[in-house]
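*Asks:*
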Amino acid sequence: MIHYENKAIVLVRHPEGPLQLSEFRMKITPVRDLEPGEFLIANQWLSLDPYIRSRLNFSTDYVNSIHCGDVVAGETVGVVVASRNPNFNEGSKVFAYSGWQQYYISNERDFIVHTLPQVELPDTIFLNTVGTPGRAAYFGMMRIAKPHAGETLVVSAASGAVGSTVGQIGKMAGCRVVGIAGSEEKCRYVVHELGFDFCVNYRDSDFKHQLRQACPNGIDIYFENVGGRISVLVAQLLNDGARVPVCGNAANYDQSSSIAASSPADFFSSLPNPPVNRFFLVTEWFKDYPESDAWLLNALHDGKLKYRETLIDGLEKAPQAFIDLLNARHFGKQIVRIS
Ligand SMILES: NC(=O)c1ccc[n+]([C@@H]2O[C@H](COP(=O)([O-])OP(=O)(O)OC[C@H]3O[C@@H](n4cnc5c(N)ncnc54)[C@H](OP(=O)(O)O)[C@@H]3O)[C@@H](O)[C@H]2O)c1
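Terminal number for the sequence shown in UniProt numbering: 339, no gaps in between.
1) Pick helix, strand or coil for residue 130, following the three-state DSSP scheme.
2) Any contact between the region 9 to 16 and the region 284 to 295? By contact I mean 3 or more CB pairs, one from each, below 8 Å.
3) Which same chain residues end up closer than 7 Å to residue 234 when comparing Cβ atoms and leaving out the 5 residues on each side of it in sequence?
4) Under the rule that 16 or more other beta-carbon atoms within 10 Å means buried, what is residue 49, buried or exposed?
5) If you measure from the CB of residue 156, is any heavy atom of ligand 1 nearer than 7 Å?
6) Near residue 237, what residues of its chain come up, given a Cβ to Cβ distance below 6 Å and the 5 sequence neighbours on each side ignored?
7) Under a Cβ-count criterion, where at least 16 other Cβ atoms within 10 Å of its own Cβ denotes burial, should residue 141 be classed as buried or exposed?
8) If you run the structure through DSSP and keep just helix, strand and coil, what is residue 6?
9) Count the other CB atoms within 10 Å of the CB of residue 156; is the residue buried (16 or more) or exposed (fewer)?
10) Curious, which full-length beta strand (DSSP E) runs of at least 3 residues does the region 176 to 237 contain?
11) May I have the straight-line CA-CA distance separating residue 272 from residue 318, to the nearest angstrom?
12) Between residue 126 and ligand 1, is there a pair consisting of the residue's CB and a ligand heavy atom that are separated by less than 7 Å?
13) Closest to residue 253 by C-alpha separation, out of 208, 226, 76, would be which residue?
14) Taking contact to mean at least 3 C-beta pairs separated by less than 8 Å, is the region 269 to 283 in contact with the region 132 to 139?
15) Start and end of the beta strand (DSSP E) containing residue 122?
16) Just the Cα atoms here: how many angstroms apart are residue 277 and residue 53?
17) Sorry if obvious, but does the Cβ on residue 17 come closer than 7 Å to a heavy atom of ligand 1?
18) Would you say the beta carbon of residue 293 is closer than 7 Å to some non-hydrogen atom of ligand 1?
19) Rounded to a whole number of angstroms, what is the C-alpha to C-alpha distance between residue 301 and residue 77?
20) What residues in its chain sit with their C-beta under 8 Å from that of residue 45, if we drop five residues either side in the sequence?
21) How would you label residue 327, buried or exposed, when you count the other beta carbons within 10 angstroms and need 16 or more for buried?
22) Does DSSP classify residue 338 as helix, strand or coil?
23) Do residue 133 and residue 173 have their beta-carbon atoms positioned less than 8 Å apart in this structure?
24) Are residue 96 and residue 243 closer than 8 Å when you measure CB to CB?
25) What residue range is occupied by the uninterrupted alpha helix (DSSP H) comprising residue 172?
26) Taking the alpha-carbon positions, what's the residue 413 to residue 240 distance?
Here it is in C-alpha cells:
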C-alpha cells in the first residue's frame, strides 16, 4: 500500500465555557497498513454539526464525550483509496463517521459506512438534505408533527440545514410556515428563496410582538431546534392539540456543562396544557432511511426542496469554522472541504 500521512484535529482539553481555538490541535501520523476486510477512505468533505460541542465536554448526555487526544467526531464523504474488502472497491465514494481527519480506516462491522448512490447532485448533499439534517427534518415532521393543511408551523434556526428543510416540508403539506432566524439576510432567504410565509428575527427587540403578529391563529406545530428563551415565547402561542418535535437545543450547546439536548421537552411537558412533544434522535428511524432518502431526493429532483451550504477550504480551518457555527456566523449547512 502507498504510505499515507494522516492529518487529524484532536481535542487538547475539555472546554470551560465558550469554545476556544486552543482546545484543538493538528496531529500528523502515518496511516498503518490495512488488515484483511479493511479499506482506507480519503475524506473529501466534513460536516460540522452543532451537537458535537456537547460531546467536547468532560461529561455529556448527548451520545458520549470525546476524550482529550481523540479525533473530533464528524460525518464525512470520501473516496476509497486502498482496499482489502471486496465490497468497498478503490474509487468508491462512501459516507462514514470518520471524524475531523484526512484518512480513515473502516471495515464492514462499521454499520454506518456505506457506498453513496449516484445522483446528479453534489456529494455534499449526503451531509445535508439527504443526510442527518434532512432526515431529522423528515422524521420529525412525518412521525411526530404530522402536519395538516392550514395549520401554522413555526420552526427555529429556520435558515439552517434542518430548519430550512422542515419549513419546506411544511409548505408542501399546506401549512402556513413561520421561520425564526438571527438576521435580516437569513429571514429574507427563508421567505424569498425557500417560500416560507413569514420569518421573524429573534435578535429584534420586539421579537415577541412580531412572533405573535406572524401567528394570528396560534401555533399548531413548533419544530424545536434551539431551546431557551424562544421556547418560552412560542409556548405562549401554542394551540390545543399542538405538536412539538424536539430536535435540538442549539442555544445551550456552547457551555462547559451543556444543558441536555432533550431539555426543551422537559420544559414543554411541564406546561399546564402541554403539547404532544418529545425529543428524538434521527437514528431512531435508521431502518427507515431508504424511505426518507428516496422522498428527499425526489423532492430535490422536482425542485421542491432547496438548500444552502457554507464551504470552508482546509481541514486546519475546521476549528475556527466550528466556533463560527456555534456563534451562528455560518449560513445553511457548514461543510469543510478536506481535499
Ligand atoms: N435530533 C437529531 O437527531 C438531530 C439531527 C441533526 C440536527 N439536530 C439539531 O438540529 C438543530 C439544527 O441543526 P443544524 O445543523 O441545522 O444547525 P444550524 O441551524 O445550522 O445551526 C444552529 C442555529 O441555531 C440557532 N441558534 C443558536 N443559538 C440560538 C439562540 N440563542 N436563539 C435562537 N437561535 C439560536 C442559530 O440560528 P441563526 O443562524 O438563525 O441565528 C444557529 O445558526 C441543532 O440543535 C442540532 O443539534 C438534531
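A virtual CB, placed ideally from N, CA and C, is assigned to each residue, including glycine.
*Replies:* According to the data block:
1) Three-state DSSP puts residue 130 in coil, outside helix and strand.
2) No: fewer than three Cβ pairs fall under 8 Å.
3) Excluding positions up to five away in sequence, the list reads 154, 219, 222.
4) Counting other Cβ atoms within 10 Å of its Cβ, residue 49 reaches 16 or more and is therefore classed as buried.
5) Yes.
6) The answer, listed in chain order, is 215, 218, 219.
7) By the Cβ neighbour-count rule, residue 141 is buried, with 16 or more other Cβ atoms within 10 Å of its own.
8) In the structure shown, residue 6 sits in a strand (DSSP, three-state: E or B).
9) The residue is buried, with at least 16 neighbouring Cβ atoms inside 10 Å.
10) Those beta strand (DSSP E) runs which fall completely within the region 176 to 237 and span 3+ residues are 176 to 181, 198 to 201, 219 to 223.
11) One C-alpha to the other measures close to 43 Å.
12) With a cutoff of 7 Å, residue 126 does not count as near ligand 1, since its C-beta is closer than that to no heavy atom of the ligand.
13) It is 226.
14) Touching, yes, given that three or more Cβ pairs across the two stretches are closer than 8 Å.
15) Neither: residue 122 is in no beta strand (DSSP E) and is coded neither H nor E.
16) Rounded to whole angstroms, residue 277 to residue 53 spans 24 Å at the Cα level.
17) For ligand 1, not one heavy atom lies less than 7 Å from the Cβ of residue 17.
18) The answer is no for residue 293.
19) Cα to Cα, the separation comes out at about 21 Å.
20) Here the set comprises 76, 77, 78, 123, 124, 127, 335, 336, 337, 338.
21) Answer is exposed; the Cβ neighbour count stays below 16.
22) The three-state reading of DSSP puts residue 338 in coil, since its state is none of H, G, I, E or B.
23) No, the pair does not count as a contact, with Cβ atoms beyond the cut-off.
24) Remark: C-beta atoms of residue 96 and residue 243 do not approach each other more closely than 8 Å.
25) For residue 172, the uninterrupted alpha helix (DSSP H) segment begins and ends at 161 to 172.
26) Absent from the structure is residue 413, since the part of the chain shown begins at 1 and ends at 339.
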